[in-house]
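**Student:** Here it is: the structure, laid out below.
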Amino acid sequence: MIALSLVPTASWYLILSAVLFGIGTFGVLVRRNPLVMFMCIELMLNAVNLSFVTLARQLNDINGQTIVFFVMVVAAAEVVVGLGIIVAIMRNRSSVTADDLAVLKG
Amino acid sequence: MPLAGSMINLVFGRKLGDPRAGWVATVATASSFLITVLAYFEMLGLASEERSHVVSMFSWIQVGSLQVDLAILADPLSIVMALFVTGISTLIHLYAIGYMHGDAKFSKFFLYLNLFVFSMLMLVLGENLLVTFLGWEGVGACSYFLISFWHTRNSAAVAGKKAFVTNRIGDFGVMTAMFLAFSSLGTLSYGAINESAHSGALAPVTATAIGLLLFVGACGKSAQLPLYLWLPDAMEGPTPVSALIHAATMVTSGVFLMTRMSPILHASYEWAPTVIAVVGAATALYAATVAVAQNDIKKVLAYSTVSQLGYMFLAVGSGAYVAAIFHMVTHAFFKALLFLGSGSVIHGMHHEQDMRRMGALRKVMPVTAFTFIIGWLAIAGVPPFAGFWSKDEILLYVYANNRGLYVVGLITALLTAFYMTRQVIMVFYGQAKWNDHSAEHGAHGDLTPHESPKVMLAPLVVLSVLSVVGGAMQLPFGKNFNFLERWLAPVVEESEAHIQDTWAYQNKYLLLVVAIVIAAAGIAASIAVYSKSLFKVVEPKVLEQAWYYDNAASRVVAGPGAATFNFIAWVDANIVDGIVNGVGELIRSIAGSLRRVQSGFVRAYALLISLGALVVLAWFLLRGIML
Amino acid sequence: MEFFVFVCAALMILVGAVGVIARSHPVHAALSLVLTLFGVAVLFVAQDAHFLAAVQVIVYAGAIVVLFLFVIMLLGVDRVENLRTEPLTSQRPLAIIVSLGLIGVLVAAFVRGSDALHERGEGINIPDLTTGTDANTTQLAESIFSRYVVAFELTSVLLVIAVVGTVLLARRTKTVVAENPK
């Protein structure tokens, strides 16, 4: 096998989480379907969770994992509310994209 | 106090009605007079250096380096002014209760009168130029209100406007002087300005500029050439107004201002006070000549006021500040007396003002006649009445300063005696001419003049007493008698001309006699012409029309003047407003283009947010790298 | 061994992420998301965060994605999105710049700060796996319920509020019901 002696250092994990975060950002900015935008936000949150856990192991501190715990809880709550809003807006219109909700036009 | 009276009349005037509103106003003024008297006695008890107190009520303006308080300066000069302002105002208020009886706007009249007294007090008691200016404008505005009080009469409304506009030209001078004072000295307070003028910190150029600009303002307010135009027309107002404003108080505010700023005049170039003296003398002579040919009883007195004010400025210009104040006070006494007396005559003659239709009134209105005669003797300069002493004092200083102006002053004194005697003869002696035109007055029936009510006569009596004894303030018989000079010394000492070692001073008794002779000559000449008909009456039309000055002035203002004003108005509307509006338009268009950023698309906002976040992160990172 | 796990999980994550942003059908995107979440859970286990891995699978992959799918299905928002066009010009290029920039900044930050990361001995040591199968859970529980108990309570309140709020938001008003007599 290629180099089983290579041990992934913390930096690898962190770089991975950075890449995941960037992909998530791109998705939020480019996709127009509100639900898919939400999923991309979930990607970003997961990237952050990953980096927290990595650092917790790196620094030998359990607080990193505690933070991740709370992030997950809050993310769940946020998803619930966000989907509720989408449902409320899109109930009567079948195909809605984020661009149709341009009521705040100046 | 007068402000309170004015406010009460404003609110309750209509309900109080006639005459209670009048009593409210009179009580208000009288109480301020009492307060002033108390302050005077308190001040007497202090040593002469300590007699200047500043009471600061509140800090009015505080912008950058400009700090102006609403402060009151109580020193000998302001107390003198306040005393006679409030005293004479009280008497005139009392008089007006009777005079304005039956008028529909009775309470409004007293409202304005009280407001006027308040403004005048602000003027004289102010500690800095700005408070005085507040009072200055206030008296101008009240004068406008009161002159055009019977505003339904077209001539009255026009006269009010004329007074206000002419005053405004003078006010421009005062404002420019204030700006100059502030820019050169950084303060508007009298104490500071006079201090710096004394100590020589004020350059002669600046002092001259400030002094002459203030004099321009004084010309407007005190009716000197060329801004005297409004005073004769101001006779359209009710007689108490003429008495209060145009004889005793407002017109003297110019003299007061000059005296207050006497250190500035002292610090200016030699020729600056001479300019003032020349203008004063010219005005005095000019007005006296015109007064000879006037037929309206009040117009004679109006021109006489202009003439006497000219005397006061002549005194100021000759460095005789004490004499100017002295003459101001005595003039207030006898001129108010004369005006009120003429008001009594007008009232008794059922508002007839033409002297040619009067005559032999002393039989019908004895008290009025008696008091009027006392006023006449005072103004003509007959000893021992007040006017003689003050006029003589002025002539003394003028002689020491400039012989030519002295001659002018003498001629004016002659003319003063002449026209005043003429007035007395036409009104009170001679044949009764009021019956000739009684048929023309129609509905009144028999036009028999009657004596005025007591409430009008009482002030006349008081004023006549003052006219007799007022001279005692400053007698030239030696150190023991010059009360006024010693009282005002702390204020004007350094600027007062010192003439102790001139020929004039050493021979002052000789000059005294000359003055008496001149007065007698004037009276005799007048009697000869008008009473005994020894000589022909010479009243050329040019004098009656005031040397056609008024007509010339109106033509200038209407022609080139109006064109200039229109041009300036155009500049203001188009250029100045254009710049202001242009800035607004520019901002509007910028905002219009920026508005398009708010596209309403959430994703665009998200993009911008993330861009911003990226920038912030990069900045922190770079900072970390740099460090 | 860890290397092998890392590579597999990383592949799962990246493939899933790209799938989320690239698939035009929302249901496909949701399934890609599940793939990513699994990858993250694997990495959690590799990092000795066992409890969190379990929570990740149960809550994230099990509940949240299911919720997404419910909404997609119920609302019929399964129209295929046209990914070829972009109504807002310059959105895509700028988005690429932003995301690449973010990645770059973060990576730079990590690289720069990697010195600070290699200091062991801070905080509480993670107990060895041999001391008990629930060692991680125990330690995490100890941390949550002692130091962060207030935050814990507040988040539970937050959850309640979220639920109540969403129920209110998504409620059908009476007029809509009356509109459909059939």
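Residue numbers (my numbering), protein chains in the order written: chain R, 67 to 172; chain H, 5 to 631; chain D, 11 to 192. All C-beta atoms in this analysis are idealised placements derived from N, C-alpha and C, irrespective of residue type, glycine included.
Under a three-way DSSP split, which group does Leu344/H fall into?
**Tutor:** Helix, per DSSP.
**Student:** Can you give me the start and stop residues for the alpha helix (DSSP H) that Met85/H sits inside?
**Tutor:** Looking at the DSSP string, the run of the alpha helix (DSSP H) that includes Met85/H is Pro80 to Tyr103.
**Student:** What's the C-alpha gap between Trp140/H and Leu598/H?
**Tutor:** Spanning the two alpha carbons is a distance of roughly 51 Å.
**Student:** Quick one: which unbroken alpha helix (DSSP H) runs of 4-plus residues sit fully inside the stretch 70 to 115 of chain R? Chain order, please.
**Tutor:** As far as the stretch 70 to 115 of chain R is concerned, its whole alpha helix (DSSP H) runs of at least 4 residues are 76 to 96.
**Student:** Could you check whether the Cβ of Leu45/R sits closer than 7 Å to any Cβ belonging to chain H?
**Tutor:** Any answer about residue 45/R is impossible in this case: the structure gives chain R only from 67 up to 172.
**Student:** Can you pull the chain D neighbours of Ile89/R, defined as C-beta to C-beta under 9 Å?
**Tutor:** Ordered by position in chain D, the residues that pass the 9 Å Cβ test against Ile89/R are Leu24, Ala27, Val28, Val30, Ile31, Ser109 and Ile113.
**Student:** Determine whether the Cβ of Ala56/D lies closer than 7 Å to any Cβ atom of chain H.
**Tutor:** Ala56/D does not count as touching chain H.
**Student:** Tell me, which residues are paired with Gly130/H by DSSP?
**Tutor:** Answer by DSSP bridge pairing, in chain order: Ile76/H.
**Student:** Rounded to whole angstroms, what's the CA-CA distance from Phe605/H to Gln57/D? Just pull it up for me.
**Tutor:** Their backbone Cα atoms lie some 41 Å apart in a straight line.
**Student:** Quick check on the DSSP output: the alpha helix (DSSP H) that includes Thr287/H runs from which residue to which?
**Tutor:** Segment Trp275 to Ala295, the alpha helix (DSSP H) holding Thr287/H.
**Student:** What are the residues of the stretch 606 to 623 of chain H that lie near chain R, defined by any Cβ-Cβ distance shorter than 8 Å?
**Tutor:** So the list reads Val606, Arg607, Ala610, Leu611 and Ser614, given in the order they occur along the chain.
**Student:** Of all the residues that make up the stretch 126 to 138 of chain R, which are near chain D by a beta-carbon distance shorter than 7 Å?
**Tutor:** So the list reads Asn126, Asp127, Ile128, Asn129, Gln131, Thr132, Val134, Phe135, Phe136 and Met138, given in the order they occur along the chain.
**Student:** Closer than 7 Å by beta-carbon distance: list the chain D residues that pair up with Leu598/H, in chain order.
**Tutor:** Within 7 Å Cβ-Cβ: nothing; Leu598/H doesn't reach chain D, min ~18 Å.
**Student:** Output yes if chain R places a C-beta closer than 7 Å to the C-beta of Val160/D; else output no.
**Tutor:** Chain R contact via Cβ: absent.
**Student:** Can you tell me whether Ser187/H is helix, strand or coil according to DSSP?
**Tutor:** Correct three-state label for Ser187/H: helix.
**Student:** I'd like to know if the stretch 270 to 285 of chain H and the stretch 392 to 406 of chain H are in contact, where contact means that at least 3 CB-CB pairs between them fall below 8 Å.
**Tutor:** Yes, since at least three Cβ pairs between the stretch 270 to 285 of chain H and the stretch 392 to 406 of chain H fall closer than 8 Å, the two stretches touch.
**Student:** Leaving out the 5 sequence neighbours to the left and right, which residues in its chain are closer than 7 Å to Ala525/H when beta-carbon positions are compared?
**Tutor:** Contacts found: Leu418.
**Student:** So, for Phe149/H: in the same chain, excluding its five sequence neighbours on each side, which residues have a beta-carbon less than 7 Å away from its beta-carbon?
**Tutor:** Cβ within range, chain order: Tyr116.
**Student:** Starting from Gln427/H and walking both ways along the alpha helix (DSSP H), at which residues does that stretch end?
**Tutor:** Residues Arg407 to Phe432.
**Student:** Between the C-alpha atoms of Leu74/H and Leu129/H, what's the straight-line distance to the nearest angstrom?
**Tutor:** Their Cα atoms are separated by approximately 10 Å.
**Student:** How about Ala154/R and Leu168/D: do their beta carbons lie closer than 7 Å?
**Tutor:** No, Cβ-Cβ distance for Ala154/R and Leu168/D is not below 7 Å.
**Student:** Over what stretch of residues does the alpha helix (DSSP H) that includes Pro370/H continue unbroken?
**Tutor:** Unbroken alpha helix (DSSP H) run through Pro370/H: Pro370 to Ala384.
**Student:** Does chain D have any CB closer than 7 Å to the CB of Leu668/H?
**Tutor:** The structure shown does not extend to residue 668/H, since chain H is modelled only from 5 through 631, so no value can be given for it.
**Student:** Tell me whether Asp175/H sits in a helix, a strand or coil according to DSSP, three-state version.
**Tutor:** Note: Asp175/H maps to helix in three-state DSSP.
**Student:** Excluding the 5 residues flanking His60/D on each side, which residues of the same chain have their C-beta closer than 8 Å to its C-beta?
**Tutor:** Counting only Cβ-Cβ distances below 8 Å, and skipping sequence neighbours, we find Phe54, Asn146 and Thr147.
**Student:** What residues are listed by DSSP as bridge partners for Asp358/H?
**Tutor:** For Asp358/H, which the question treats as bridged, DSSP gives the partners Asp300/H.
**Student:** Is Ser123/H helix, strand or coil when you go by DSSP?
**Tutor:** Here Ser123/H sits in helix by DSSP.
**Student:** Quick check: the Cα distance between Leu77/H and Glu131/H, rounded to an integer number of angstroms?
**Tutor:** Approximately 5 Å, taken between the alpha carbons.
**Student:** Per DSSP, which residues does Ser193/H bridge with? Please list them.
**Tutor:** Bridge partners of Ser193/H: Asn132/H.
**Student:** Please list the partners that Ala119/D has in chain H, where partner means a Cβ-to-Cβ separation under 7 Å.
**Tutor:** In chain order: Leu625.
**Student:** Would you mind reading off the limits of the alpha helix (DSSP H) that contains Trp154/H?
**Tutor:** No alpha helix (DSSP H) holds Trp154/H; DSSP gives it neither H nor E.
**Student:** Can you pull the chain R residues whose beta carbon is under 7 Å from the beta carbon of Ser153/D, in chain order?
**Tutor:** The contacting residues are Ile128, Asn129 and Thr132.
**Student:** Does Thr165/D come within less than 7 Å of chain R when only Cβ atoms are used?
**Tutor:** Closer than 7 Å to some Cβ of chain R, the Cβ of Thr165/D qualifies, so yes.
**Student:** Just checking Met630/H against the ligand MN - is the residue's beta carbon closer than 6 Å to any of the ligand's heavy atoms?
**Tutor:** Only the bare structure without any ligand can be found here, which leaves the ligand MN out of the picture.
**Student:** What does Ala105/D reach in chain H if we use C-beta pairs closer than 7 Å?
**Tutor:** The contacting residues are Leu611.
**Student:** Could you have a look at Ala167/H and say whether DSSP puts it in helix, strand or coil?
**Tutor:** Three-state result, Ala167/H: helix.
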